Amino acid sequence: MQQHILRIALCITAVCFFAGCSKDFLDRGALDAIPNDEFWKTEGQLKLAVNACYDYLKGKNVVDMENMGDNTVYPPMSDYLAISTGNYDFTLGTVNAEWVNQYKGIRRCNHFLENYQKATGIQQAKMNQYAGEVRFLRAFLYSYLSFFYGDIPLVTNTLNIGDDIVYGPRTPRTQVVDFILQQLDSAATELPATYAAADLGRITKGAALGWKSRVALFYGKYDVAEAAAKAVMDLNVYQLYTAGGTNSYNELFTQKGKLSAGANKETILARLYLIDVSMHNMSRECQVPDQTSRFCPTKSLVDAYLCADGMPIEKSPLYNEGAQQAYGDVFNNRDPRMTQTILAPGGSWGGKDDGDQDANPSDIFNLPKFNSDKKGCVTATGYYFTKYVQVSAVATYNKDPNDIHIMRLAEILLNYAEAREMQGKLTQADLDITINKLRDRVGMHHMIIAELGAWGMDLRTEIRRERRVELALEGQRYFDLLRWKQGSLLAADVKGMKKAFVPSYMQQYVASVPVDANGYMIVNTGRRFVDPKNYLWPIPLTQFQRNTELGQNQGWE
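Numbered by the numbering used here, the letters in the sequence shown go through residues 1 to 557 in order.
As structure tokens, this is what we get:
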């Protein structure tokens with residue numbers, strides 16, 4: 001299955017998905033495709049059609065969207081940075097591209113669901129499976145559209161130019177969400193819990209239930225989110241990845257954690273990549289040797305990690321900012337996920353020259369680099385990621401075959417705990433089967449409700465902190481801030497390391513970088529977040545020009 005999904009582009013040339021072709025074109029006959037009335041007959045054809053729908057399952061783009069939040073920053077102006085800063089409008093390319101791409105995928109899914117039952121000689125269970133996969137993918141695409149734009153056109157059939165709905169108004173968001181959840185319910189009944197090895201990577205019952213949990217959580221349907229998350233847990237199919245011992249959290253995001261490697265039972269949904277067939281550039285972009293890292297961890301993320309005793313840095317006796325004498329001190333006595341996510345001195349390094357003039361270039365990291373001499377990876381904030389970095393893939397462009405994990409058991413456990421807490425039902429027993437399992441994997445102090453109270457810590461805040469650090473660099477932070485109505489955090493200056501920790505020989509390269517009152521570098525400023533405007537993206541100008549009945553979201557008129 002991995003090869004099938006990765007070669008979708010080749011499959012598409014053999015399948016006609018264009019029901020809206022012009023009459024002149026159809027009269028000529030297709031030279032490189034099977035006409036629609038000759039397709040939809042065999043199981044092989046259906047499988048090709050389903051596989052082609054997988055082309056719209058997000059991949060590395062999931063991680064790229066992390067730059068819309070406050071965990072990472074890539075200072076050169078980009079669409080994601082513009083969205084993060086609030087300094088963009090309805091002409092931004094990404095705003096239109098996301099709209100177009102999701103609807104392209106939806107059209108393909110609609111076409112399949114309109115035609116798949118024409119096939120004969122196929123077991124009903126297999127027919128149901130194929131339909132369930134495509135229903136999930138359509139719900140997946142509609143989820144992102146609703147997250148981004150709110151009210152959207154709900155289209156459940158393939159359209160032709162001239163159809164009334166093409167130029168009609170948007171469907172209310174609540175109605176779209178109801179449709180998404182209903183489709184995920186249907187998919188969950190149609191899909192198997194597991195597949196044989198040959199079908200590795202296909203969408204499962206757990207994926208449908210897990211995605212339902214995510215969508216329900218986003219829209220404040222906490223009882224639905226709780227039930228869906230618990231249903232995934234009760235499948236007893238998924239287990240936290242522990243094959244790497246104390247380094248398992250980091251290892252999950254390397255080649256050892258690929259689904260095809262066999263030890264990963266944690267990932268529920270992933271975009272699979274295959275060496276020399278379909279690869280991405282994630283590892284290199286984190287530690288690109290001749291440019292600025294595309295993903296620079298922010299001070300805000302660094303500060304979010306608790307100390308090893310379970311207290312935040314502003315409370316723990318293990319963290320004394322005034323006593324810190326060097327760059328590496330910030331990593332001491334912290335949640336182990338910190339150094340398995342953010343590169344600490346002594347960690348494996350693929351960025352060639354670092355900022356230590358006394359060390360020869362090696363595969364060990366010492367200090368951050370700020371001089372852009374194209375001999376090593378530059379950081380804007382003073383920090384680098386090690387999560388999602390396969391060091392062996394850094395040297396060569398677009399040679400990273402690591403899976404991109406879209407949903408994993410860790411998120412489901414976090415969804416369950418959050419949904420319970422939002423309903424006022426969370427108990428210590430709930431924490432012990434969810435968050436504390438995540439902490440056990442890395443050897444971190446347990447979250448104990450009574451202890452939090454004694455320390456003056458807020459339970460809801462700590463559950464949200466847990467989600468942030470566990471899912472860092474997995475593309476969820478921006479959406480979490482939106483659903484928590486904490487968009488104002490995106491208006492804050494993006495900061496980096498303490499400037500005083502930059503070695504004297506490197507100070508000239510940060511001389512123009514301003515600092516805050518405590519000496520931390522300010523690497524991005526002039527940000528804004530207008531409530532309620534920035535809780536939704538604008539309807540893209542191109543789409544509005546084509547159909548003025550779409551209207552525009554509040555504040556973007």
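Where a beta carbon is used, it is the ideal one built from N, C-alpha and C, also for glycine. If you're wondering where the values come from, they're calculated on a predicted model, not measured in any experiment.
heavy atom of the ligand MG below 8 Å from residue i C-beta
{"i": "Arg460", "result": "Absence of the ligand MG is noted for the structure shown, with no ligands found whatsoever."}
Outcome for residue i when other beta-carbon atoms lying within 10 angstroms are tallied against a minimum of 16
{"i": "Ala261", "result": "exposed"}
{"i": "Pro540", "result": "buried"}
{"i": "Ala359", "result": "exposed"}
{"i": "Gly322", "result": "exposed"}
{"i": "Asn468", "result": "Checking the displayed sequence, the identity of residue 468 turns out to be Arg instead of Asn. Label assigned to Arg468: buried."}
{"i": "Gly425", "result": "Strictly speaking, residue 425 in this sequence is Lys, with Gly absent from that position. Result: exposed."}
{"i": "Lys440", "result": "Checking the sequence, you will find Asp at residue 440 rather than Lys. By the 10 Å Cβ count, Asp440 comes out exposed."}
{"i": "Gln390", "result": "buried"}
{"i": "Thr120", "result": "exposed"}
{"i": "Asp403", "result": "buried"}
{"i": "Thr91", "result": "exposed"}
{"i": "Gly346", "result": "exposed"}
{"i": "Gln182", "result": "exposed"}
{"i": "Ile161", "result": "exposed"}
{"i": "Asp151", "result": "buried"}
{"i": "Ser512", "result": "exposed"}
{"i": "Arg528", "result": "exposed"}
{"i": "Val100", "result": "exposed"}
{"i": "Asn264", "result": "buried"}
{"i": "Ile83", "result": "buried"}
{"i": "Gly364", "result": "Position check: residue 364 holds Ile in this sequence, whereas Gly was assumed. The residue is exposed, with fewer than 16 neighbouring Cβ atoms inside 10 Å."}
{"i": "Phe17", "result": "Confidence is the limiting factor: at Phe17 the pLDDT is only 34, short of 50, which leaves the residue's position unreliable, though a coordinate-based value still follows. So Phe17 ends up on the buried side."}
{"i": "Ser488", "result": "exposed"}
{"i": "Thr267", "result": "buried"}
{"i": "Val232", "result": "buried"}
{"i": "Gly555", "result": "exposed"}
{"i": "Asp163", "result": "exposed"}
Residue from the options whose Cα sits closest to the Cα of residue i
{"i": "Ala207", "options": "Thr194, Leu217, Ile404", "result": "Thr194"}
{"i": "Val523", "options": "Thr85, Gly59, Gly424", "result": "Thr85"}
{"i": "Gly59", "options": "Gly475, Pro503, Asn51", "result": "Gly475"}
{"i": "Arg170", "options": "Phe501, Glu549, Leu240, Leu57", "result": "Glu549"}
{"i": "Leu154", "options": "Leu81, Gln255, Phe112, Asp178", "result": "Asp178"}
{"i": "Leu46", "options": "Gly443, Val394, His111", "result": "His111"}
{"i": "Asp616", "options": "Trp40, Asp55, Met65, Asn71", "result": "What the structure shows of the chain is the stretch from 1 to 557, and residue 616 is not part of that stretch, so it cannot be assessed."}
{"i": "Ile433", "options": "His446, Met422, Gln552", "result": "His446"}
{"i": "Gly244", "options": "Tyr74, Phe365, Gln340", "result": "Gln340"}
{"i": "Asp430", "options": "Pro172, Met444, Ile448, Val442", "result": "Ile448"}
{"i": "Asp353", "options": "Leu306, Ser372, Pro76, Lys126", "result": "Ser372"}
{"i": "Ala558", "options": "Gly310, Leu438, Ile275", "result": "Since the first residue shown for the chain is 1 and the last is 557, residue 558 is missing from the structure and cannot be characterised."}
{"i": "Lys126", "options": "Gly496, Leu184, Thr204, Ala139", "result": "Thr204"}
{"i": "Asn553", "options": "Tyr144, Pro172, Ile435, Glu66", "result": "Pro172"}
{"i": "Lys387", "options": "Ala304, Thr379, Ser248", "result": "Ser248"}
{"i": "Ala517", "options": "Pro532, Val510, Lys499", "result": "Lys499"}
{"i": "Trp484", "options": "Leu184, Tyr103, Gly105, Lys221", "result": "Lys221"}
{"i": "Phe39", "options": "Asn115, Lys533, Phe501", "result": "Asn115"}
{"i": "Tyr520", "options": "Trp556, Thr381, Asp480", "result": "Thr381"}
{"i": "Cys377", "options": "Lys437, Pro289, Trp349, Arg408", "result": "Pro289"}
{"i": "Asp79", "options": "Val73, Gly69, Gly93", "result": "Gly93"}
{"i": "Asp335", "options": "Gln291, Leu301, Gln357, Leu490", "result": "Leu301"}
{"i": "Ala196", "options": "Ser143, Pro75, Leu318, Leu259", "result": "Leu259"}
{"i": "Ile342", "options": "Gly456, Phe331, Phe385, Pro192", "result": "Phe385"}
Cβ neighbours of residue i in the same chain (closer than 7 Å, five flanking residues each side left out)
{"i": "Asn281", "result": "Tyr397, Asn398, Asp400"}
{"i": "Leu482", "result": "Tyr535"}
{"i": "Gln406", "result": "The amino acid at residue 406 is misidentified as Gln; the sequence shows Ile. Correct list, in chain order: Lys58, Val62, Leu269, Ala270, Arg271."}
{"i": "Asn415", "result": "Ser213, Arg214, Leu217, Ala225, Ala229"}
{"i": "Ala393", "result": "Ser283, Arg284, Lys399, Asp400"}
{"i": "Ser22", "result": "Confidence at Ser22 is low in this model, with a pLDDT of 32, below 50, so its placement is unreliable and the value that follows should be read with caution. Answer for Ser22: no residue qualifies."}
{"i": "Gly328", "result": "Ala344, Pro345"}
{"i": "Leu318", "result": "Cys307, Ala308, Asp309, Asn333"}
Cutoff 9 Å: residue i Cβ touching any chain B Cβ
{"i": "Trp40", "result": "The chain labelled as chain B is not found in the depicted structure, where only one protein chain is given."}
Residues near residue i in its chain [Cβ-Cβ closer than 6 Å; skip 5 each side]
{"i": "Leu137", "result": "Cys53, Cys109"}
{"i": "Gly355", "result": "Leu367, Pro368, Lys369, Met506"}
{"i": "Phe544", "result": "Leu550"}
{"i": "Thr379", "result": "Ser293, Cys296, Pro368"}
{"i": "Val588", "result": "What is shown of the chain runs 1 to 557, which leaves residue 588 out entirely."}
{"i": "Glu133", "result": "Val50, Ile203"}
{"i": "Met338", "result": "Tyr305"}
Contacts around residue i, its chain only, beta-carbon distance under 8 Å, and the 5 residues preceding and following it disregarded
{"i": "Arg28", "result": "Residue confidence is low: Arg28 scores 36 on pLDDT, short of 50, so the model does not pin down where it sits. No coordinate-derived value is stated."}
{"i": "Gln117", "result": "Met127"}
Completely contained alpha helix (DSSP H) runs for the stretch 436-461, where each covers 4 or more residues: 449-454
Completely contained alpha helix (DSSP H) runs for the stretch 186-262, where each covers 4 or more residues: 205-218, 222-234, 248-251
Contained alpha helix (DSSP H) runs [length at least 4] in the stretch 117-190, N- to C-terminal order: 124-149, 173-190
Whole runs of the alpha helix (DSSP H) within the stretch 321-396, excluding any shorter than 4 residues: none
Stretch-stretch touch, CB-based, cutoff 8 Å, three pairs: the stretch 247-262 with the stretch 218-236: no
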